[in-house]
Amino acid sequence: MIDLLFGPFLEFGFMRRALVGCLALSLSAPPVGVFLMLRRMSLMSDAMSHAILPGAAVGFLVAGLSLPAMTLGGLAAGLAVALMAGFVTRSTVIKEDASLAAFYLMSLAGGVLLVSLRGSQIDLLHILFGSVLALDDPALWLLGGIATVTLFGLAALYRPLVMECVDPLFLRTVSRAGGPVHYAFLGLVVMNLVGGFQALGTLLAVGLMLLPAIAARFWAADLSGMIPVSVLMAILSSVIGLNVSYQADVPTGPAIVLAAGALYLGSMLVGRRGGLVWRLFRARHLEA
Amino acid sequence: MSCDVPGAIALRGLTLGYDRHPAVHHLEGIIPPGALLALVGPNGAGKSTLLKGIAGEIPCLEGRIERPGLDEAIAYLPQAAEIDRSFPLSVLDLVAMGLWRRLGPWRSARRHQSTLLEALATVGLAGFEKRLIGTLSGGQFQRALFARLIVQEARVLLLDEPFTGVDGRTTADLLGLIGIWHGQGRTIVAALHDLGQVRSHFPHSLLLAREAVAWGPTERVLTAPNLARAQSLSEAWDEDAAVCAGHDAGGTEPAHRHDHAGPHDHSGHPSSAHDHHGHAA
């Protein structure tokens, strides 16, 4: 059993690298996902992940399949879309989801166009679906760095971020932090999407961010519980996904995201907080 | 006439509104420090808009609000509907938000634990600190928001229909709290609908119908003729309204319309608005 679970990681360096990369991502992305979910911005992060594509494509056109170039490009494109969408939301009648949809669609179309200008089908597949089994040293450093910055950043932003989620009007009356906090949070989202894009590809980058976060809602009542549970879920998904992908010889990115999806479905069924199974039994009510 | 009294809030020819349509029109007057003022008026009279304006939430279309030295000292209780109550936050954490100005983003609230628990006890929510805000009833949630106001220790409190959906006993408790704040010399402006409440607890009133219909001691403001005029003044906004040319204070004229050809009467200040100037507490 243990051999089956850990054998591939002991045996192959590339599996260990994949595991380390996924663990780094599992530490940083789910907490961000918890906030996205609670702010009802789950789908917005999906849109953002597509917005990264043209930046990565420009990096790819300039420097070929080079990690730093594609990362920088992705970061720049993601932040640009986030800032523009945020600016339009704050200064016109357009709501955040609509303005983001407008910008990410333009961004995604531009990205696909750019990639197909020079790259082959394989390059496009690589960008769309990631390459977690080919993480090199710089990629691991990048994922580790993103995890570090994200965790420190969330710790620093935690209080105003929660206040902005619950009662943005109150935060506005007592402080001007609301705007900067919102943008800093969007920055963290983009960073984690770029990290996820290295491992899982642009299409699935949000997988490790959102699925564990949403699953955690079925186990914990408040933030202090949800965040650790979501991290745990992501780590589990990574280990399971990598194993399944190795044993069954299926693509790794989808395997990890499907593992997270299975955990979500399981949580939805048996989770202590609102799981469907618990509806079958009517718990005896309390006295007061 | 001057607004040099520290802590006073002066409204100078104030017009607030949305999309160029005024919701508060050419309002002129001073809220002295320590005032306990009720905002009264029919739906759409501009009560909430005026509170938002004083809180700095919306920009002035014309005129200005002078609040020297008060930018940091205003607490604003909006209508509760604007808060995300599905967010998994404990009641204690909600109340602790009131400490923001003292703690900022990082300092620990642990030292203030007793302050928070006292505030909860004051509003009758002792023992509720670990409950999630989504599990509170409407009235309990309003009490929690009052606890947050207590913790804020603001010099000026703006309350927008604070007793909507709150039962009689809770309302009495919260009115008692407002009385205590008044006794401590804080300025309180509350938008209210219950005229009985206003008559028995609020020494001063501003009767709004986009313009000030009357402003002064409550018994002289809430008279039958004034209330009838407020009702008749509050009409739906006119999509084709002409651009307002006048800068009159527009309180004493029976109806301040914009389709009349003659020049505005610029001497038409509402006499009642100026009753206040000598009333510095």
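Chains as they are written, first to last, in the numbering used here: chain A, 49 to 336; chain B, 3 to 283.
Glycine is no exception: its CB is placed at the ideal position from the N, C-alpha and C atoms.
Quick caveat: nothing in here was measured; it's all calculated off a predicted structure.
State the CB to CB distance for the pair residue i and residue j, rounded to an integer number of angstroms; the pair is presumed to be in contact (CB under 8 Å).
i, j, result
"A/G244", "A/A77", "6 Å"
"A/F57", "A/L73", "No, A/F57 and A/L73 are not in contact; Cβ-Cβ is about 16 Å, not under 8 Å."
"A/L255", "A/V305", "Per the sequence shown, the amino acid found at residue 255 of chain A is Gly instead of Leu. With a Cβ gap of about 3 Å, A/G255 and A/V305 count as contacting."
"B/L41", "B/A193", "4 Å"
"B/D86", "A/C213", "6 Å"
"B/W102", "A/S272", "Not a contact, Cβ separation roughly 19 Å."
"A/L120", "A/A133", "At roughly 20 Å, the Cβ-Cβ gap does not stay under 8 Å, so A/L120 and A/A133 are not in contact."
"A/A282", "A/P260", "4 Å"
"A/L251", "A/L165", "No, A/L251 and A/L165 are not in contact; Cβ-Cβ is about 20 Å, not under 8 Å."
"A/A105", "A/L162", "4 Å"
"A/L86", "A/L258", "The pair is not a contact, with the Cβ atoms about 12 Å apart (cut-off 8 Å)."
"A/F177", "A/G249", "4 Å"
"A/V82", "A/M274", "5 Å"
"A/S97", "A/A195", "About 18 Å separates the two Cβ atoms, so there is no contact after all."
"B/V26", "B/L18", "4 Å"
Which partner residues does residue i have in the DSSP bridge list?
i, result
"B/L191", "Looking at the sequence provided, one finds Val at residue 191 of chain B rather than Leu. In the DSSP output, where bridge partners are listed per residue, B/V191 has B/L39 and B/L160."
"A/G106", "Just to set this straight, residue 106 of chain A is Val in the shown sequence, not Gly. Answer is none; A/V106 lacks a bridge partner."
"B/A216", "B/L209"
"B/G19", "B/P24"
"B/G31", "B/L13"
"B/L134", "B/S92"
Expressed to the nearest angstrom, what Euclidean distance is found between the alpha-carbon atoms of residue i and residue j?
i, j, result
"A/P116", "A/G289", "26 Å"
"A/P102", "A/D184", "23 Å"
"B/L53", "B/L151", "16 Å"
"B/Y78", "A/R220", "10 Å"
"B/R66", "A/A157", "47 Å"
"B/D250", "B/I11", "Note that B/D250 scores 45 on pLDDT, short of 50, meaning its location in the model is unreliable and no value can be drawn from it."
"B/L210", "B/A216", "7 Å"
"B/V97", "B/Q142", "13 Å"
"B/P107", "A/M211", "10 Å"
"A/A150", "B/V93", "38 Å"
"A/F62", "A/A307", "20 Å"
"B/E84", "B/G167", "15 Å"
"A/G227", "A/V136", "13 Å"
"B/T124", "A/A125", "52 Å"
"A/S315", "A/Y231", "32 Å"
"A/G112", "B/F148", "60 Å"
"B/T225", "B/P219", "11 Å"
"B/L138", "A/K143", "30 Å"
"B/C62", "B/H184", "28 Å"
"A/T140", "A/G235", "22 Å"
"B/E255", "B/R212", "A caution first: B/E255 carries a pLDDT of 39, below 50, which makes its placement in the model unreliable, though a value can still be read off. Roughly 13 Å between the two C-alpha positions."
"A/G55", "B/D95", "46 Å"
"B/P35", "B/H206", "13 Å"
"B/F165", "B/A57", "19 Å"
"B/L176", "B/D169", "11 Å"
"B/A275", "B/E163", "For B/A275, the pLDDT reaches just 41, beneath the cut-off of 50, and the residue's location in the model is therefore unreliable, although a value from the coordinates is still provided. Distance between the alpha carbons of B/A275 and B/E163: 23 Å."
"B/F130", "B/E120", "12 Å"
"B/I182", "A/S90", "45 Å"
"A/R138", "B/D21", "16 Å"
"B/L122", "B/A128", "5 Å"
"A/A263", "A/L153", "28 Å"
"A/L317", "A/R265", "12 Å"
"B/L160", "B/I33", "12 Å"
"B/D261", "A/L209", "The predicted position of B/D261 is uncertain, since its pLDDT is 41 and thus under 50; a value taken from the coordinates is nonetheless stated next. Going from the Cα of B/D261 to the Cα of A/L209 covers about 49 Å."
"A/V237", "A/L181", "23 Å"
"B/P70", "B/R14", "13 Å"
"A/R327", "B/S116", "39 Å"
Q) Quick one, which residues of the segment 53 to 85 of chain B are near chain A if we go by CB-CB under 8 Å, in chain order? A) A57, G58, E59, I76, A77, Y78, P80, E84 and I85
Q.
Please identify, using Cβ separations under 9 Å, the residues of the segment 218 to 237 of chain A that lie next to chain B, in order along the chain.
A. F218, L219, R220, T221, V222, S223, A225 and V229
Q. Mind pulling the alpha helix (DSSP H) runs of 4 or more residues that sit fully within the segment 213 to 260 of chain A?
A. 216 to 222 and 226 to 252
Q.
Please list, in chain order, the residues of the segment 128 to 148 of chain B that have any C-beta partner in chain A closer than 7 Å.
A. L134
Q) Can you list the beta strand (DSSP E) stretches of 3 or more residues lying completely in the segment 39 to 101 of chain B, in chain order? A) 64 to 68 and 76 to 79
Q) What residue ranges within the segment 92 to 144 of chain A form continuous alpha helix (DSSP H) runs of no fewer than 4 residues, ordered along the chain? A) 101 to 111 and 115 to 139
Q: Note down, in chain order, all residues in the segment 76 to 102 of chain A with a beta-carbon under 7 Å from any beta-carbon belonging to chain B.
A: L86
Q: Give the residues from the segment 269 to 294 of chain A that approach chain B closer than 9 Å (Cβ to any Cβ), ordered along the chain.
A: A269, D270, L271, G273 and M274
Q) Which residues, taken in chain order from the segment 160 to 175 of chain B, show a beta carbon closer than 8 Å to some beta carbon of chain E? A) The structure shown contains no chain E; its protein chains are A and B.
Q) Mind listing which residues of the segment 109 to 127 of chain A have their C-beta closer than 9 Å to chain B's C-betas, in chain order? A) none
**Q.** Near-chain B residues of the segment 139 to 155 of chain A (beta-carbon distance less than 9 Å), N- to C-terminal order
**A.** none
Q.
Closer than 9 Å between beta carbons: that is the criterion. Which residues of the segment 206 to 235 of chain B meet it against chain A?
A. none
Q: Name, going along the chain, the residues of the segment 92 to 104 of chain B whose beta-carbon falls closer than 8 Å to a beta-carbon of chain A.
A: S92, D95, L96, M99, W102 and R103
Q | Sequence ranges, alpha helix (DSSP H) only - wholly within the segment 147 to 191 of chain A, length at least 4 | A | 169 to 177
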